[in-house]
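The numbers in my numbering rise by one with no breaks, and the one at position 3 of the sequence shown is 6. Quick reminder that beta carbons are idealized off the backbone N, C-alpha and C, glycines included.
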Amino acid sequence: MYKFEKKIKAAEENGIRFSEGQKTYIRCARINGIDLLDHLYDRYSRDYLSHPHDEKSSEYLAVISVILSVSEYFDENLCELVDQMIEQNKVYPVRK
């Protein structure tokens, strides 16, 4: 579970509701960022594990390292977005 998902879960457990628009925005950000990065990570990890000692192994490791760095950066940005939404929802609560 990513950090931003933990923040959402904790906020909901504390009674903070997210609007459908906010949920859609987060879902789109996840699909366009983290899901793509997860797919690339899985692909390059599989390729590396299938051929750990061939001429491309250092290339696979470099790509995997970049994917992990970008994924962490994206997660941090989503955390900031969720924090802003939580603060907004404290001031202007989402109605049922």
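Using C-beta distances below 7 Å, list every residue in its chain close to residue i, excluding the 5 sequence neighbours before and after it, in chain order.
i: Val73; result: Leu40
i: Phe77; result: Gly36, Ile37 and Leu40
i: Ser48; result: Ile67
Quick one: what's got a C-beta closer than 8 Å to residue i's C-beta in the same chain, skipping five residues either side?
i: Glu15; result: Phe21
i: Leu64; result: Tyr51
i: Glu75; result: none
Once the 5 residues before and after residue i are set aside, which same chain residues still bring their CB inside 6 Å of it?
i: Ile70; result: Leu40, Leu43 and Tyr44
Anyone know if the C-beta pair for residue i and residue j falls short of 8 Å?
i: Ser60; j: His54; result: yes
- Query: Would you call the stretch 4-23 and the stretch 78-96 in contact, with 3 or more CB pairs under 8 Å?
  - Reply: Yes: the two stretches touch, three or more of their Cβ pairs being nearer than 8 Å.
- Query: Are the stretch 8-17 and the stretch 71-86 in contact at 8 Å, needing three or more beta carbon pairs?
  - Reply: yes
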